[in-house]
């Protein structure tokens, strides 16, 4: 996350051409419960017992431990916005609650920093996050990663939405790095992640117009089972760059990437 933070600031500086102040408050291998206040967890009905990760390389996982140590001490500062890169550690823990814990964390952080800065931090400051990338080549919709990916949008499938206003998402589904020496869960391409985040920040936080920072949204889905066809219609034209003679195989098996 520290690399993404720095690259995000660099890309933003290249556009804005004035200094960017960055605070990296990060710890890898941690669940959202560690970054949430007690009131947030209570609002979502998170069980009181703590989540203790057995993996020695994982970070702190007790409820609110990183909120108390690394977020709340900053609450008097004035923030322009936040970028968030987390989710893997909840793929197999409290994942059914992530559609509550994540948007509730955003709301709680906004209120905390707005009050702590005596109103200087916007009550709805921009909040950007990274979509959970794919992990395994064979999975189904009931597995942890696809579920967390959906819950990251509060089950709307897109942001911003009624539950998550003034937010933006950096798509990362296509950035899985199966050859990474750190494992495919840790893709080495931080540059693309940061670049996509900075595009969202330019549009949402800085109000830049005529900037493409998100992909087209499907507006109609039509399943013709008797013909074996799935028709998708999007809100804007999609251009496909061909890398070989075949774009799709005639016979295929659909798998959900995890």
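In the UniProt record's numbering, the protein residues as written are 1 to 258. Glycine included, C-beta positions come from ideal geometry on N, C-alpha and C.
**Request:** Would you check if the distance between the CB atom of residue 193 and the CB atom of residue 4 is smaller than 7 Å?
**Result:** On the chain shown, position 193 is the one that residue 193 refers to. On the chain shown, position 4 is the one that residue 4 refers to. Cβ distance < 7 Å, so residue 193 and residue 4 count as in contact.
- prompt: Does the pairing of the region 121–129 with the region 58–65 give three or more beta-carbon distances under 8 Å?
  reply: no
Given this structure, state the Cα-to-Cα distance separating residue 81 from residue 229, to the nearest angstrom.
For the purposes of this step, residue 81 is identified with residue 81 of the chain shown, where counting begins at 1. For the purposes of this step, residue 229 is identified with residue 229 of the chain shown, where counting begins at 1. Distance between the alpha carbons of residue 81 and residue 229 is about 43 Å.
Got a sec? Which residues, its chain only, sit under 7 Å from residue 7 by beta carbon, not counting five neighbours each side? By 1-based counting over the chain shown, the position of residue 7 is 7. Closer than 7 Å at Cβ, skipping near neighbours: 190, 191 and 194.
Pull up the distance between the alpha-carbon of residue 10 and that of residue 41, whole angstroms please. What you label residue 10 is simply residue 10 of the chain shown in a count that begins at 1. What you label residue 41 is simply residue 41 of the chain shown in a count that begins at 1. Approximately 34 Å between the Cα atoms of the pair.
| query | Are the beta-carbon atoms belonging to residue 148 and residue 127 less than 7 Å from one another? | reply | Locating residue 148 in the chain shown gives position 148, where the first residue counts as 1. Locating residue 127 in the chain shown gives position 127, where the first residue counts as 1. No; because the gap between Cβ atoms is not below 7 Å, this pair is not in contact.
Discussion item. Just verifying my parser: in three-state terms, what is the DSSP assignment at residue 82?
Written reply: Start at 1 with the first residue of the chain shown, and residue 82 comes out as number 82. Strand, per DSSP.
message = Please classify residue 85 as buried or exposed, where buried requires at least 16 neighbouring CB atoms within 10 angstroms.
response = Here residue 85 corresponds to residue number 85 of the chain shown, with the count starting at 1. Looking at its Cβ environment, which holds 16 or more other Cβ atoms inside 10 Å, residue 85 is buried.
Out of 169, 221 and 72, which has the shortest C-alpha to C-alpha gap to residue 37?
The count along the chain shown starts at 1 and reaches residue 37 at position 37. Per the Cα distances, 72.
Worksheet item: Between which two residues does the alpha helix (DSSP H) carrying residue 33 extend?
Response: Along the chain shown, one-based indexing puts residue 33 at 33. Segment 32–35, the alpha helix (DSSP H) holding residue 33.
**Message:** Since residue 234 and residue 219 should fall inside the 8 Å C-beta cutoff, what is the C-beta to C-beta distance between them, to a whole number of angstroms?
**Reply:** Reading the chain shown from its first residue, position 234 is the one you call residue 234. Reading the chain shown from its first residue, position 219 is the one you call residue 219. That belief holds up - the Cβ atoms of residue 234 and residue 219 are roughly 6 Å apart, short of 8 Å.
Q. Would DSSP call residue 87 helix, strand or coil?
A. If you number the chain shown from 1, residue 87 lands on position 87. Of the three classes helix, strand and coil, the one that applies to residue 87 here is coil, per DSSP.
Taking 6 Å as the limit between beta carbons, can you name the residues of its chain near residue 213, skipping five residues before and five after? Counting from one through the chain shown, the residue named residue 213 turns up at place 213. Excluding residues within five positions, the ones whose Cβ falls inside 6 Å are 199, 200 and 203.
Exercise for the section: Compute the Euclidean distance between the alpha carbons of residue 175 and residue 33, then round it to the nearest angstrom. Expected result: For the purposes of this step, residue 175 is taken as residue 175 along the chain shown, with counting starting at 1. For the purposes of this step, residue 33 is taken as residue 33 along the chain shown, with counting starting at 1. The alpha-carbon atoms of residue 175 and residue 33 are separated by roughly 26 Å.
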